[in-house]
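In what follows, a structure is listed as structure tokens, so that the remarks can point back to it.
Numbering (this note's numbering), first residue to last: 1338 to 1598.
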């Protein structure tokens, strides 16, 4: 059993505050990128549940606590004894094409794809609302990938999805050899930029109604569309060496993207 696990980009990303738990609230357009994906394989007969990786990048040093493991633990309370036993003897193999620390949400995508795989393999019968709650526990971007939407306006910490109907534009994505730590980028933004941030609610509503291609064609400065870009460039100054006209910045970085010519 093999499943593709797609990347995503943020066409725009605006931070609108924090919730009571201290998580950043956002308003963003998520766009699924079908041309870039990892491949997850499910193999039976393992002595114990395990996850292995291959592909570009250094995956050997990944901690055992990845999104696959997190998703497994979130699912277990909803499984029968027999389903748990079967789950504990699976080997999940991931062929990575989505770079880590790139702002393309590869880890979140892997978590959601794993959930879909075991749902089918173990014939797990749960209400959709329960699956969404599980996805939220796994990660902020996981509900988007679970939804299988191609395009959506996203709010909250990433769990509030409003499907957006559009012809998804083709994108060129470039990821430089720079690993951006998401938590560090958000922390820097919270300290240096969030206190003086001014929110234009009308502008955000306007962006939310525009097609992704129209939004990108209307801007040339990547910092205008992505609030996290300045923090990423402050923490990882080498990003400036890879910045080119016409390219935008996804998430907390380090990937650049533009409309395909």
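Glycine is no exception: its CB is placed at the ideal position from the N, C-alpha and C atoms.
A contact is defined here as three or more CB-CB pairs under 8 Å, and the region 1415 to 1426 fails this definition with respect to the region 1488 to 1499. Under the 8 Å Cβ criterion, the region 1342 to 1349 counts as touching the region 1369 to 1386, having at least three qualifying pairs. Of the candidates 1507, 1338, 1412 and 1353, the residue whose Cα lies closest to the Cα of residue 1533 is 1353.
For residue 1390 and residue 1535, the gap between their C-alpha atoms comes out near 42 Å. Apart from the 5 residues on each side of it in sequence, residue 1550 sits with its Cβ closer than 6 Å to the Cβ of 1506 in its chain, given in chain order.
By a beta-carbon distance limit of 8 Å, residue 1440 contacts residue 1517. Their separation comes to about 7 Å. Between the region 1566 to 1580 and the region 1509 to 1527 there are three or more C-beta pairs closer than 8 Å, enough to call the two in contact. Just measuring C-alpha positions, the residue of 1442, 1350, 1494 and 1384 sitting nearest residue 1426 is 1384.
With a 10 Å radius around the Cβ and a threshold of 16 neighbouring Cβ atoms, residue 1500 comes out exposed.
Residue 1458 carries a helical assignment under DSSP once its states are collapsed to helix, strand and coil. With a cut-off of 8 Å on Cβ pairs, the region 1404 to 1412 is in contact with the region 1451 to 1465, counting three or more such pairs. Secondary structure note for residue 1482: it is in no beta strand (DSSP E), and the uninterrupted alpha helix (DSSP H) holding it is 1479 to 1484.
For residue 1570, the enclosing alpha helix (DSSP H) starts and ends at 1566 to 1572. By the neighbour-count criterion, in which a residue is buried when 16 or more other Cβ atoms sit within 10 angstroms of its Cβ, residue 1594 is buried. In the DSSP annotation of this structure, the continuous segment of the alpha helix (DSSP H) that includes residue 1539 starts and ends at 1538 to 1546. Excluding the 5 residues flanking it on each side, residue 1445 has same chain C-beta neighbours closer than 7 Å at 1404, 1476, 1478, 1479 and 1482, in chain order. Your pair residue 1433 and residue 1392 checks out as a contact, with CB atoms roughly 3 Å apart and the cut at 8 Å.
With respect to the 8 Å criterion, residue 1377 and residue 1447 are classified as neighbours on the basis of their beta carbons.
With respect to residue 1355, residue 1364 sits apart: the two C-beta atoms are not nearer than 8 Å. Contact check for residue 1592 against residue 1512 passes: the beta carbons are separated by less than 8 Å.
Nearest Cα to residue 1357 within the set 1375, 1493 and 1422: 1493. Annotation for residue 1404: the continuous alpha helix (DSSP H) segment containing it runs 1404 to 1412. A direct Cα-Cα distance of roughly 22 Å separates residue 1339 from residue 1411.
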